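The structure under discussion appears below in the form of structure tokens.
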Amino acid sequence: MKIKVCYHGNCFDGASSAAVFARFYQERIHAGWERAFQPMMHRAGALFDETAFDGDENAIVDFKYCPSDRLTWWFDHHKSAFLTPEDEAHFRADTSGKKFVDASYKSCTKFIADVAAQQFGFDAAPLAELIHWANKIDGALYENAAEPVEMKADAFRLALVIENTREPQLIERIITDLQYRSLAEMVALPYVAERIAPLYERHLRSMEIIKQAARVVGPVVFFDVVGHDMEGYSKFIPYYLHPSVTYSVSVSQSSFRSKISVGSSPWAPRPRWHDLAAICERYGGGGHAVVAAISLAPEELDTARKIAASIVQELQQ
Ligand SMILES: [Mn+2]
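Quick look at the structure:
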């Protein structure tokens with residue numbers, strides 16, 4: 005028998021959610037089931053290929069709902085958890101008691117741990133360090149921009165690997181190890197350690213590229229980094245470089261999407277006054293009030309640039 009876990013790809017909270025869910029499932033639901041993990045990515049068009057649900061049970065963690073009868077477990081904490089009102093109605097009609105959403109949680113990892121503990125008797129205490137860091141990283145609960153940008157804690161170095169590795173098998177290995185190892189042990193594992201150094205170099209280079217491209221417009225720092233390999237750069241770099249801004253807007257492009265990223269600084273002298281998820285939803289995107297994004301097809305770059313310019317204008321008021 006097999007449990008399939010679909011998780012938010014290239015995201016520390018997504019991988020941590022998969023680890024917490026897998027350990028919970030092993031200890032409280034079905035011990036000894038084969039486990040398979042598959043990353044889910046935001047992209048234009050169809051979100052789910054139902055062939056992903058090839059387990060005897062199928063779970064989605066830290067990602068949008070899917071109105072499929074093959075989906076048996078679901079946990080999400082995103083504000084834009086439903087693609088359509090029909091999807092939300094499908095969820096509301098569910099009586100399985102295994103599908104959960106709560107947008108007040110800073111991380112899906114902590115949400116799963118709390119629900120598993122309260123409703124299924126799971127002991128989440130051995131995972132306290134992982135839950136703490138997933139909550140801190142996904143909720144951006146930092147003292148200042150230097151903490152995540154300078155990356156002194158082990159969790160940031162592991163997050164670098166999770167956010168920038170395009171090999172699902174490597175992430176599956178990380179998810180498997182994360183269930184029973186400390187973060188200090190994780191970053192010392194040779195297969196993890198060997199990937200950290202080049203990614204940290206790349207992080208320093210992306211900081212230099214953003215520094216060159218950034219333009220401050222009122223309360224917004226804008227940068228267009230199309231043409232650079234910037235998929236997965238730290239969203240705090242703009243606020244580390246420009247501590248006085250409230251918002252950042254950027255345009256980037258990779259092989260599978262053109263992306264507009266819209267964020268807000270947790271340390272801005274003038275706090276955020278827009279709901280960024282609401283703005284991005286108008287263009288088919290979504291996310292959280294504090295950070296959101298819009299993904300278009302790679303060839304829709306001109307449209308992406310126009311949308312970014314409109315959002316920079318909207319954020320002036
Ligand atoms: Mn999350």
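Just so we're aligned: 229 in the working numbering is position 225 of the sequence shown, and the numbers increase by one with no gaps anywhere.
Backbone N, C-alpha and C define an ideal beta-carbon position, used for all residues, glycine too.
From a predicted model like this one, the values you see are computed outputs, not experimental measurements.
Distance between beta carbons of residue j and residue i, contact taken as under 8 Å
i	j	result
I141	A19	Contact doesn't hold; Cβ gap of about 11 Å is too wide.
H81	A297	With a Cβ gap of about 16 Å, H81 and A297 do not count as contacting.
F86	C10	Contact flag wrong, Cβ pair sits at about 16 Å.
S111	D181	Rounded, the Cβ-Cβ distance is 19 Å, inconsistent with contact.
V225	P247	Not quite, the Cβ-Cβ distance comes to about 10 Å (not below 8 Å), so this is no contact.
L203	L162	Not quite, the Cβ-Cβ distance comes to about 11 Å (not below 8 Å), so this is no contact.
Exposure label - residue i; buried when at least 16 CB within 10 Å
i	result
W78	buried
T113	buried
E167	buried
K310	exposed
E176	buried
W137	buried
I240	According to the sequence displayed, residue 240 carries Phe and not Ile. F240 comes out buried.
L208	exposed
V65	buried
A93	exposed
D228	buried
R286	exposed
K6	exposed
E61	buried
H12	buried
P194	exposed
T169	buried
G290	buried
G125	exposed
Y244	buried
P130	exposed
Cross-strand partners of residue i (DSSP beta bridge)
i	result
H12	M44
G291	A296
N61	The question names Asn, but residue 61 in the sequence shown is Glu. Answer by DSSP bridge pairing, in chain order: I7.
F227	S254
V221	V224
W78	I64, K103
Selection from the options that minimises the alpha carbon distance to residue i
i	options	result
E90	Y237, P130, V221, C70	C70
R274	E151, L193, F28, Y251	Y251
G272	V294, P172, M211	The amino acid occupying residue 272 in the given sequence is Ala; Gly does not appear at that position. Cα-wise, what sits closest to A272 is V294.
D306	S256, E318, C284, H278	S256
E171	F25, Q42, Q216	Q42
F260	T99, S299, E212	S299
D53	H232, G36, L75	L75
S133	G59, E212, W37, Q183	Residue identity differs from the one stated: residue 133 is Glu in this sequence, not Ser. Cα-wise, what sits closest to E133 is Q183.
E318	T55, G231, V221, P302	V221
Which residues have their C-beta within less than 5 Å of a heavy atom of ligand 1, listed in chain order? So the residues near ligand 1 by this Cβ test are D17, D66, C112, D142.
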